[in-house]
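Those letters in the sequence shown? Residues 17 to 473, by the working numbering. Quick reminder that beta carbons are idealized off the backbone N, C-alpha and C, glycines included.
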Amino acid sequence: MKPSLSICCLGAGYVGGPTMAMIAAKCPDIRVTVTDPNEARIAAWNSDTLPVYEPGLQEVVESARDKNLFFSTDIKGAIKEADIIFVSVGTPTKHYGKGAGRAADLKYIESAARMIAEVAEGPKIVVEKSTLPVRTASALLTILRSNSTKATFQVLSNPEFLAEGTAIEDLENPDRVLIGGEQTPEGLAAIEKVVAIYSRWVPREKILTTNLWSSELSKLVANAFLAQRISSINSISALCEATEADVDEVARAIGHDSRIGPKFLKASVGYGGSCFQKDILNLSYLCEHFGLPEVAAYWESVVKINDWQKSRFASRIITDLFNTVSGKHIGILGFAFKKDTNDTRETAAIAVCRDLLAEGAKVYVYDPQVSEEQIRADVLGKKENENLIVVKTALEACNGAHGVAVLTEWDEFKSLDFQKIYDGMLKPAFLFDGRNILPHAKLKDLGFRVFAIGKSF
Ligand SMILES: NC(=O)c1ccc[n+]([C@@H]2O[C@H](COP(=O)([O-])OP(=O)(O)OC[C@H]3O[C@@H](n4cnc5c(N)ncnc54)[C@H](O)[C@@H]3O)[C@@H](O)[C@H]2O)c1
Numbered sequence: 017m018k019p020s021l022s023i024c025c026l027g028a029g030y031v032g033g034p035t036m037a038m039i040a041a042k043c044p045d046i047r048v049t050v051t052d053p054n055e056a057r058i059a060a061w062n063s064d065t066l067p068v069y070e071p072g073l074q075e076v077v078e079s080a081r082d083k084n085l086f087f088s089t090d091i092k093g094a095i096k097e098a099d100i101i102f103v104s105v106g107t108p109t110k111h112y113g114k115g116a117g118r119a120a121d122l123k124y125i126e127s128a129a130r131m132i133a134e135v136a137e138g139p140k141i142v143v144e145k146s147t148l149p150v151r152t153a154s155a156l157l158t159i160l161r162s163n164s165t166k167a168t169f170q171v172l173s174n175p176e177f178l179a180e181g182t183a184i185e186d187l188e189n190p191d192r193v194l195i196g197g198e199q200t201p202e203g204l205a206a207i208e209k210v211v212a213i214y215s216r217w218v219p220r221e222k223i224l225t226t227n228l229w230s231s232e233l234s235k236l237v238a239n240a241f242l243a244q245r246i247s248s249i250n251s252i253s254a255l256c257e258a259t260e261a262d263v264d265e266v267a268r269a270i271g272h273d274s275r276i277g278p279k280f281l282k283a284s285v286g287y288g289g290s291c292f293q294k295d296i297l298n299l300s301y302l303c304e305h306f307g308l309p310e311v312a313a314y315w316e317s318v319v320k321i322n323d324w325q326k327s328r329f330a331s332r333i334i335t336d337l338f339n340t341v342s343g344k345h346i347g348i349l350g351f352a353f354k355k356d357t358n359d360t361r362e363t364a365a366i367a368v369c370r371d372l373l374a375e376g377a378k379v380y381v382y383d384p385q386v387s388e389e390q391i392r393a394d395v396l397g398k399k400e401n402e403n404l405i406v407v408k409t410a411l412e413a414c415n416g417a418h419g420v421a422v423l424t425e426w427d428e429f430k431s432l433d434f435q436k437i438y439d440g441m442l443k444p445a446f447l448f449d450g451r452n453i454l455p456h457a458k459l460k461d462l463g464f465r466v467f468a469i470g471k472s473f
């Protein structure tokens with residue numbers, strides 16, 4: 017079958033891979049090519065071991081791969097062939113020069129735009145899928161239009177709202193799809209082309225169209241609001257611990273207020289993930305850039321509370337273990353930033369492990385999906401430290417431990433053999449539940465000393 021449309025995506029990461037696989041699976045007549053310069057990543061997308069762990073992803077990829085879904089390192093070839101080019105490259109926090117530590121690093125976006133300008137011919141729609149500072153589309157358009165004579169461009173913003181761990185569910189049945197574009201006849205026509213793709217499976221009323229700047233900004237604001245709810249409940253968790261209120265009961269009580277709602281009120285050791293922190297820092301940086309220091313400070317405090325929550329958790333472990341963890345065995349259950357993903361970017365586990373290692377603890381880490389290399393690289397960078405030991409089962413992490421901390425809410429941790437764990441630990445046996453998922457009453461009955469976020473047992 018000759019494809020009705022060719023699309024390509026620059027960036028085969030956590031967003032590019034799953035989003036394009038879903039489009040291909042839903043639109044068999046559209047040819048979808050996902051590209052990346054990273055050969056190992058592309059080889060993995062073409063293998064049985066995908067580079068991204070997501071429930072349901074393998075099935076979606078396999079349903080379309082080599083039919084109308086292709087993974088390739090031939091970026092230029094894919095751009096040439098495509099009518100619509102999605103750009104889903106990383107936009108990490110800049111770590112050098114002006115804006116270091118806060119602004120988004122746009123070097124990958126800019127080089128993608130320059131490559132598109134170099135090889136594109138004819139009319140092309142370039143879609144920002146990456147999360148970008150508001151008004152980036154204007155810079156993109158300038159780069160594209162001033163470096164190409166053979167192509168004409170429309171730039172759209174179509175930010176991705178999927179959450180890792182539930183990416184397939186979120187893509188299949190999104191709360192909304194957002195598409196922003198220039199409010200000109202050409203811009204509106206380009207918006208309609210992308211609307212037509214999503215409307216194959218997303219109800220039309222859930223596809224929102226806006227101007228470019230609202231779309232770009234909405235993605236940053238959505239992440240800032242989500243993170244703000246977590247920091248809000250986490251700040252209250254500390255007050256609960258001091259007052260014998262229970263943070264889960266408080267969350268339930270306030271969540272029943274329909275103006276507040278129940279979601280994103282789960283207190284924890286702190287949020288992680290590649291997006292929340294970088295997007296808020298970027299939002300705060302933008303506010304300052306536009307002369308709004310009060311707004312910048314407001315949003316930055318969301319990140320500060322999160323950092324504090326992580327360090328307060330590590331401090332609590334040290335305090336409870338009689339003010340020293342030097343030479344003590346601490347078991348860490350879970351390293352990914354949340355369950356059902358192998359992504360460790362900005363995971364709270366990095367900060368907690370580092371704090372414990374700095375105090376001389378022997379840290380035994382177990383995660384069901386994260387590799388040893390990844391854990392070592394995240395915690396130690398290029399350094400070595402024999403006090404960081406990565407093990408293959410939860411039991412190994414706990415055996416002989418003075419204390420055990422749960423840092424990711426993997427389901428398997430809820431039903432561990434806690435009697436066996438207790439028997440294998442030094443006494444008193446301490447359990448620190450950074451996700452409030454364990455059966456606390458039962459654990460106390462077994463003899464554990466339990467600490468959980470926002471509780472005062
Ligand atoms: N991870 C999430 O949950 C999530 C959710 C929504 C939005 N986002 C946003 O989506 C964007 C991508 O995030 P991610 O998690 O997929 O990042 P990622 O790091 O997993 O993937 C980015 C990929 O882009 C590739 N790349 C860089 N330059 C390229 C180029 N010129 N051409 C082709 N490929 C190139 C890299 O090699 C890398 O594999 C970011 O802006 C992020 O903020 C992420």
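Residue(s) in a DSSP beta bridge with residue i
i	result
residue 24	49, 101
residue 338	Paired residue(s): none; residue 338 is not in a bridge.
residue 140	169
residue 449	422, 468
residue 380	347, 405
residue 88	51
residue 109	120
residue 298	According to DSSP, which records beta bridges pairwise, residue 298 is partnered with nothing at all.
residue 193	223
residue 81	85
Rounded distance between the beta-carbons of residue j and residue i, thought under 8 angstroms
i	j	result
residue 386	residue 351	5 angstroms
residue 104	residue 146	6 angstroms
residue 451	residue 425	4 angstroms
residue 70	residue 357	7 angstroms
residue 281	residue 271	5 angstroms
residue 438	residue 454	Rounded, the Cβ-Cβ distance is 12 angstroms, inconsistent with contact.
residue 188	residue 36	No, residue 188 and residue 36 are not in contact; Cβ-Cβ is about 14 angstroms, not under 8 angstroms.
residue 323	residue 360	At roughly 17 angstroms, the Cβ-Cβ gap does not stay under 8 angstroms, so residue 323 and residue 360 are not in contact.
residue 396	residue 417	Not quite, the Cβ-Cβ distance comes to about 21 angstroms (not below 8 angstroms), so this is no contact.
residue 267	residue 283	7 angstroms
residue 193	residue 214	5 angstroms
residue 434	residue 459	6 angstroms
residue 388	residue 406	4 angstroms
residue 34	residue 184	7 angstroms
residue 346	residue 315	The pair is not a contact, with the Cβ atoms about 33 angstroms apart (cut-off 8 angstroms).
Within 8 angstroms, strictly: CB atoms of residue i and residue j
i	j	result
residue 303	residue 239	no
residue 474	residue 285	Any answer about residue 474 is impossible in this case: the structure gives the chain only from 17 up to 473.
residue 402	residue 382	no
residue 89	residue 52	yes
residue 87	residue 62	yes
residue 344	residue 365	no
residue 2	residue 72	Limits of the chain in this structure are 17 at one end and 473 at the other, which puts residue 2 out of reach.
residue 445	residue 349	no
residue 66	residue 128	no
residue 294	residue 181	no
residue 410	residue 432	yes
residue 333	residue 196	no
residue 132	residue 101	yes
residue 216	residue 42	yes
residue 202	residue 244	no
residue 246	residue 287	yes
residue 341	residue 310	no
Test: residue i CB closer than 8 angstroms to a CB of chain C
i	result
residue 356	Considering every chain present, this structure includes no chain C. It has just one protein chain.
Cβ contact check for the region 163 to 183 and the region 227 to 245: 3 or more pairs under 8 angstroms: Yes, the region 163 to 183 is in contact with the region 227 to 245.
Closer than 6 angstroms: residues whose CB approaches a heavy atom of ligand 1: 26, 27, 28, 29, 30, 31, 32, 51, 52, 53, 54, 57, 91, 104, 105, 106, 107, 124, 127, 128, 131, 146, 147, 176, 178, 180, 290, 291
Cβ contact (3+ pairs, closer than 8 angstroms) linking the region 42 to 55 and the region 18 to 30: yes
Three-pair Cβ contact test at 8 angstroms for the region 134 to 141 versus the region 112 to 120: no
Three-pair Cβ contact test at 8 angstroms for the region 246 to 263 versus the region 457 to 471: yes
Cβ contact (3+ pairs, closer than 8 angstroms) linking the region 257 to 270 and the region 74 to 81: no
Validate contact between the region 315 to 333 and the region 295 to 302 using beta carbons, cut 8 angstroms, 3 pairs: Contact between the region 315 to 333 and the region 295 to 302 is present, because at least three Cβ pairs lie under 8 angstroms.
At least three beta-carbon pairs within less than 8 angstroms, the region 329 to 348 to the region 436 to 451: Between the region 329 to 348 and the region 436 to 451 there are three or more inter-stretch CB-CB distances shorter than 8 angstroms, so the stretches are counted as touching.
Inter-stretch contact at 8 angstroms, needing at least 3 Cβ pairs: the region 151 to 168 / the region 88 to 99: Contact between the region 151 to 168 and the region 88 to 99 is absent, because fewer than three Cβ pairs lie under 8 angstroms.
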